[in-house]
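Structure, as structure tokens:
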Amino acid sequence: MKLPNVCAAALAASLLVVTGASAQPKDWSSIRIATEGAYKPWNFTDPSGKLVGFEVDLALDLCLRMKAKCEIVAQAFDGMIPALNAGKFDAIMAGMNITDKRKEAIAFTQPYGRTPSTFAVLKSGALAKLPEPGKVYSLNPDGAAAAEKSLNDLKPMLKGKVIGVQTSTAQANFLEKYFKDVIEIRQYKTTEQHDLDLAAGRVDGVFASISYLKSVVEAPENKDMMLAGPRYGGGVLGFGVAVGLRKNDPELLAKFDAAVAAAVADGTVKTLSTKWFGFDITPQR
Amino acid sequence: MADYVELMGFGPRGWGLLLVRATLMTVAVSATAFALGGALGALIAWARIGGDRTLRLAADAYTTVLRGVPDLLVIYLLYFGGSLAVSALAQALGARGFVGVDAFAAGAIAVGAISGAYQSEVFRGAYGVIAPGELDAARSVGMPRLMLFRRIIVPQALRSAIPGLANVWQLALKESALISVVGLTEILRQAQVGAGSTRKPFAFFITAAALYLVLSTISGWGFERAEAVAMRGVRRS
Numbered sequence: 042m043k044l045p046n047v048c049a050a051a052l053a054a055s056l057l058v059v060t061g062a063s064a065q066p067k068d069w070s071s072i073r074i075a076t077e078g079a080y081k082p083w084n085f086t087d088p089s090g091k092l093v094g095f096e097v098d099l100a101l102d103l104c105l106r107m108k109a110k111c112e113i114v115a116q117a118f119d120g121m122i123p124a125l126n127a128g129k130f131d132a133i134m135a136g137m138n139i140t141d142k143r144k145e146a147i148a149f150t151q152p153y154g155r156t157p158s159t160f161a162v163l164k165s166g167a168l169a170k171l172p173e174p175g176k177v178y179s180l181n182p183d184g185a186a187a188a189e190k191s192l193n194d195l196k197p198m199l200k201g202k203v204i205g206v207q208t209s210t211a212q213a214n215f216l217e218k219y220f221k222d223v224i225e226i227r228q229y230k231t232t233e234q235h236d237l238d239l240a241a242g243r244v245d246g247v248f249a250s251i252s253y254l255k256s257v258v259e260a261p262e263n264k265d266m267m268l269a270g271p272r273y274g275g276g277v278l279g280f281g282v283a284v285g286l287r288k289n290d291p292e293l294l295a296k297f298d299a300a301v302a303a304a305v306a307d308g309t310v311k312t313l314s315t316k317w318f319g320f321d322i323t324p325q326r
Numbered sequence: 003m004a005d006y007v008e009l010m011g012f013g014p015r016g017w018g019l020l021l022v023r024a025t026l027m028t029v030a031v032s033a034t035a036f037a038l039g040g041a042l043g044a045l046i047a048w049a050r051i052g053g054d055r056t057l058r059l060a061a062d063a064y065t066t067v068l069r070g071v072p073d074l075l076v077i078y079l080l081y082f083g084g085s086l087a088v089s090a091l092a093q094a095l096g097a098r099g100f101v102g103v104d105a106f107a108a109g110a111i112a113v114g115a116i117s118g119a120y121q122s123e124v125f126r127g128a129y130g131v132i133a134p135g136e137l138d139a140a141r142s143v144g145m146p147r148l149m150l151f152r153r154i155i156v157p158q159a160l161r162s163a164i165p166g167l168a169n170v171w172q173l174a175l176k177e178s179a180l181i182s183v184v185g186l187t188e189i190l191r192q193a194q195v196g197a198g199s200t201r202k203p204f205a206f207f208i209t210a211a212a213l214y215l216v217l218s219t220i221s222g223w224g225f226e227r228a229e230a231v232a233m234r235g236v237r238r239s
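Right under this line is the structure:
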């Protein structure tokens, strides 16, 4: 009968701890921020169990600006939005893109990061010499004219080529919208799968977020692959990654918004993203 | 291979310590759930065998619902719904802010509730092996009900319930993986974290599978031993 006793005691204790710890004052002198802890380099865990990454550094910086004591907690990405609304924590910083669907459930600050999407190809392939490698275009209204021009410049080179993309992503929507009649779009369930087909030569290129592709082309087993062509962001590719908050906490939203704006303006976001991503992910306005 | 050993080892780059901790968490949450389920299952079995019409109906409804609804849904309901309910109750009593159920408690209660439904079936079946004559004999000498339960029913029913309970334990062990969705760092959640943090998903998921296999093999052996001990002196037909 020993084990059940121990278990019951543990259970009772854990219930008590929680009821004691939670009830928080609403002056936002202390804030609980949830992250996933498994999405390198945005937020991940080191082998000692410590949370690290771009968003962990940024969260600490934002909290200094808001003069708040912050606790960062790891939480599975599934169910993060309902847990926020149930009040388990007060903010989400987990590489979460602003989308219209999510905006129905929660509020977002202005974006603190936007990773453009680009092509990865084989060094020996036909697309290795796509023009303007590394140049960033915004599909938002202010940059759309320049972006459209660069897209049209790509079309002759891409004509008839097969491009792999992960299904039901913003990147797939992008290819459908701009290159539907030019290329053959091949959709894959995961990004790893289209990488394998690129290595095997079944597709001429893949199109994905650069934060993902960069780690792919840098892996030793993918030394035949390279990034190619311009980078695109905004528009159908999403509004960017931002802090997610409950809709009924407008004071906290205002605080976070001001802190994010300040961190973007004084170059903190640029410094931190260069440290973790190797390039600047500051959203272009 | 050397790379894999370093990744799963206990060195500065190794995830060994975190994985061991996660394994202990899996054992703790599964054992708590199983114990809760045992108590619940015994009560339900009693309601279905000895209860009046209302109790029987309630117990039947419980097992039907808990066995018929996806386990993940039960966990979501208890974790998110439970927190909302507890908060509302606390606020009605005058407390301010949010009061939550923690991941361990919510997970153990959810898996325990499901396990209880299955265990009640096992107990009900096991009760059937007791010869009605023995119960009549006990009553005829005026044995109080609790003593009858303790001396006549439990020793005999539990003995034949062991194989069934072993199955239910394996279920609880595997269902504990579902608790990863509420952020409790057990084996599966730790494997997901490691996979996302190192971009080596295969290494972590194969290790998680091995850890579950080790746990179920050890506990399977334990239940076998328990059965052998319990069955000493019982003639097998």
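Residue numbers (the working numbering), protein chains in the order written: chain A, 42 to 326; chain B, 3 to 239. Glycine included, each C-beta is placed from N, C-alpha and C at the ideal position. Note that the structure is a prediction, hence the values are computed from the model and not measured.
Inter-residue distance for residue 132 of chain A and residue 286 of chain A is about 5 angstroms (C-alpha atoms, whole angstroms). Counting of Cβ neighbours within 10 angstroms places residue 6 of chain B among the exposed residues, the total staying below 16. In this chain, the beta strand (DSSP E) harbouring residue 159 of chain A covers 158-163.
A direct Cα-to-Cα measurement between residue 182 of chain A and residue 276 of chain A gives close to 8 angstroms. Non-local C-beta neighbours of residue 98 of chain A in its own chain, meaning closer than 8 angstroms and more than five positions away in sequence, comprise 313, 316, 317, ordered along the chain. Chain-ordered, the chain A residues with CB closer than 8 angstroms to the CB of residue 194 of chain B read 79, 117. Within chain A, not a single residue places a beta-carbon under 9 angstroms from that of residue 223 of chain B; the smallest gap is close to 17 angstroms. Residue pairing by DSSP puts residue 111 of chain A in a beta bridge opposite A:72.
Straight across, the Cα-Cα distance linking residue 233 of chain A with residue 68 of chain A is about 45 angstroms. For residue 82 of chain B, the nearest CB of chain A lies under 7 angstroms from its own CB, placing it at the interface with that chain. Taking the Cβ atoms as the reference, residue 168 of chain A lies roughly 39 angstroms from residue 100 of chain A, outside the contact range of under 8 angstroms. Put simply, of B:143, B:73, B:136, B:139 the residue whose alpha carbon is nearest the alpha carbon of residue 110 of chain B is B:73. Not one beta carbon of chain B lies nearer than 7 angstroms to the beta carbon of residue 231 of chain A.
Within chain B, the C-beta atoms nearer than 7 angstroms to that of residue 123 of chain A come from 82, in chain order. For residue 85 of chain B, at least one C-beta of chain A is nearer than 7 angstroms to its own C-beta. Beyond the five residues adjoining it in sequence on each side, residue 31 of chain B comes within less than 8 angstroms, by CB distance, of 106, 109, 110, 113, 178, 181, 186, 188 in the same chain, given in chain order. Boundaries of the alpha helix (DSSP H) harbouring residue 113 of chain B: 105-129, taken from the DSSP string. Beyond the five residues adjoining it in sequence on each side, residue 138 of chain A comes within less than 6 angstroms, by CB distance, of 279, 282 in the same chain, given in chain order. When the beta-carbon positions are compared, residue 82 of chain A and residue 94 of chain A come within less than 7 angstroms of each other. In this structure, the alpha-carbon of residue 166 of chain B lies about 16 angstroms from that of residue 219 of chain B. Remark: C-beta atoms of residue 155 of chain A and residue 112 of chain A do not approach each other more closely than 7 angstroms. Listed along the chain, the chain B residues whose CB falls inside 7 angstroms of the CB of residue 256 of chain A are 201.
In this structure, residue 220 of chain A and residue 199 of chain A form a Cβ contact; the two beta carbons are roughly 6 angstroms apart against a cut-off of 8 angstroms. Setting aside the 5 residues that flank it on each side, residue 126 of chain B is surrounded in the same chain by 47, 50, 51, each with a C-beta closer than 7 angstroms to its C-beta; the list follows chain order. Under the DSSP assignment, residue 169 of chain A falls outside any alpha helix (DSSP H); it carries neither an H nor an E label. A distance below 7 angstroms between beta-carbons, with the five flanking residues on each side excluded, links residue 205 of chain A to the following residues of its chain, in chain order: 227, 229, 235, 238, 239, 244, 247. Counting along the chain, the unbroken beta strand (DSSP E) around residue 225 of chain A starts and ends at 225-229. Under the Cβ distance rule, residue 95 of chain A does not count among the residues neighbouring chain B, no pair being separated by less than 7 angstroms.
Taking the CA atoms as reference points, residue 290 of chain A sits about 39 angstroms from residue 176 of chain A. Residues of the stretch 168-189 of chain B with a C-beta less than 8 angstroms from any C-beta of chain A: 182, 183, 184, 185, 187, listed in chain order. The DSSP-derived three-state label of residue 151 of chain A is coil. Against chain A, a Cβ distance below 9 angstroms from residue 48 of chain B picks out nothing, because the smallest value is about 17 angstroms. Assigned with DSSP and collapsed to three states, residue 272 of chain A falls in strand. Looking at the backbone, the Cα of residue 110 of chain A and that of residue 75 of chain A are separated by about 14 angstroms. Residues 158, 206, 248, 249, 250, 278 of the same chain have their beta carbon placed closer than 8 angstroms to that of residue 212 of chain A, with the five preceding and five following residues left out of the count.
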